[in-house]
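Novice: There's a structure below that I have some questions on.
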Amino acid sequence: MPEKTPLVENPVRDEEALIRRIRDGEHDLFYELIQPYERRVYFAAFAILRNQADAEDVAQEAALKALKNIRQFRAESRFSTWLIQITVNEARMWRRKHHAHTMESIAGRDDDGQGNYTPRDFADWREIPSETLERKEIREKLNEALAELGEIYRDVFVLRDMHHLSIEETSQALGISTASVKTRLLRARLMLRDLLSPGLGGSWNTRLSFEKGVKPW
């Protein structure tokens, strides 16, 4: 008699089952649902707010809001995407409320407002070797560079390149057009590589990977 093939767990179906049970009133299961995404939620908030305490507060608020609105979640998107969108919205509201006055950013210095940002001649920041990015000082430089971006560029970059939301999902989360997402994302990437290049020498920065008309999305 042939052996039965063991059942393989399906994380997506398990998540769907958890959501159904939470909607039916088993709210104590909510932590189990969001636990895999706790770090992502915190870092999404931190990337926008640049403050640990604020990010922790916003992460908690986002979790509570997700629980309160769990019935509004639609399976057209991933739960993680929906949760990150809530987090980003909460972080942006927090920023508007608590940080009305911001310092001048690189966007204000090097961008003419029409999308005509001129990059220096070196490689795309994403081509930095992984072993380089793993060094603590390089991670710190990347974090500092991200803080230099204007808010409208940083928000798009955080969602699209750090949390891998689609262009459409990013558009919905920020309430802007897909064309604006693409424009801001491209400018954010160019600004970041200009900021990172001086401290990241080596053969990777001798090539120009960006050419006019190339769409990196």
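Heads up, the sequence shown is in the working numbering, so the first residue is 13 and it goes up one at a time.
Every residue, glycine too, gets a C-beta built ideally from N, C-alpha and C.
No experiment lies behind these values; they were computed from the predicted model shown.
Give a yes or no on whether the C-beta atoms belonging to F85 and I46 are separated by under 8 Å.
Specialist: No; because the gap between Cβ atoms is not below 8 Å, this pair is not in contact.
Novice: Would you mind sorting G162 into buried or exposed? The rule is 16 or more other CB atoms within 10 Å of its CB.
Specialist: buried
Novice: Please confirm whether D167 and I60 have their CB atoms less than 8 Å apart.
Specialist: Yes, the Cβ-Cβ distance between D167 and I60 is below 8 Å.
Novice: Under the rule that 16 or more other beta-carbon atoms within 10 Å means buried, what is L76, buried or exposed?
Specialist: exposed
Novice: Identify the continuous alpha helix (DSSP H) that holds L161 and give its terminal residues.
Specialist: The continuous stretches of alpha helix (DSSP H) do not include L161, and DSSP gives it neither H nor E.
Novice: Leaving out the 5 sequence neighbours to the left and right, which residues in its chain are closer than 7 Å to S89 when beta-carbon positions are compared?
Specialist: E181
Novice: So, is E102 buried or exposed, given that buried needs 16 or more other C-beta atoms within 10 angstroms?
Specialist: buried
Novice: Going by alpha carbons, who is nearest to R107 out of A57, L208, R199?
Specialist: For the residues A57, L208, R199, the minimum Cα distance to R107 belongs to A57.
Novice: Using 10 angstroms around the beta-carbon of H175, count the other beta-carbons present and answer buried if the total reaches 16, otherwise exposed.
Specialist: buried
Novice: When DSSP labels each residue in this structure, what does L12 get in the three-state scheme?
Specialist: Within the shown structure, residues of the chain are numbered from 13 to 229, placing residue 12 beyond reach of any answer.
Novice: Do Y165 and R196 count as a contact pair if the criterion is CB distance below 8 Å?
Specialist: yes
Novice: Using the Cα positions of K153 and R51, report the straight-line distance between them to the nearest angstrom.
Specialist: 20 Å
Novice: Could you tell me the alpha carbon to alpha carbon distance between I82 and P210, rounded to whole angstroms?
Specialist: 46 Å
Novice: Does S183 come out as helix, strand or coil in the three-state DSSP assignment?
Specialist: In the structure shown, S183 sits in a helix (DSSP, three-state: H, G or I).
Novice: Under a Cβ-count criterion, where at least 16 other Cβ atoms within 10 Å of its own Cβ denotes burial, should A87 be classed as buried or exposed?
Specialist: Using a 10 angstroms sphere on the CB of A87, the tally of other CB atoms stays under 16, which defines it as exposed.
Novice: Jot down the residue ranges of each uninterrupted alpha helix (DSSP H) in the region 39-75, minimum 4 residues, whole runs only, in chain order.
Specialist: Within the region 39-75, the complete alpha helix (DSSP H) runs of at least 4 residues are 42-46, 50-61.
Novice: Take the Cβ of M105 as the centre, count every other Cβ of all protein chains shown within 10 Å, and call the residue buried at 16 or more, exposed below.
Specialist: exposed
Novice: Only counting the same chain, and skipping five residues up and downstream in sequence, which positions put a Cβ closer than 6 Å to that of A71?
Specialist: V53, Y54, A57
Novice: Find out if the Cβ-Cβ distance for the pair I179, V193 is shorter than 8 Å.
Specialist: yes
Novice: Rounded to whole angstroms, what is the Cα-Cα separation between A78 and I98?
Specialist: 7 Å
Novice: Alpha carbon to alpha carbon, what distance is there between S92 and F134?
Specialist: In this prediction, F134 scores a pLDDT of 34, lower than 50, which makes its location untrustworthy; the coordinate-derived value is nonetheless stated afterwards. F134 and S92 have their C-alpha atoms roughly 34 Å apart.
Novice: Would you give the residue range spanned by the alpha helix (DSSP H) that V100 belongs to?
Specialist: 91-110
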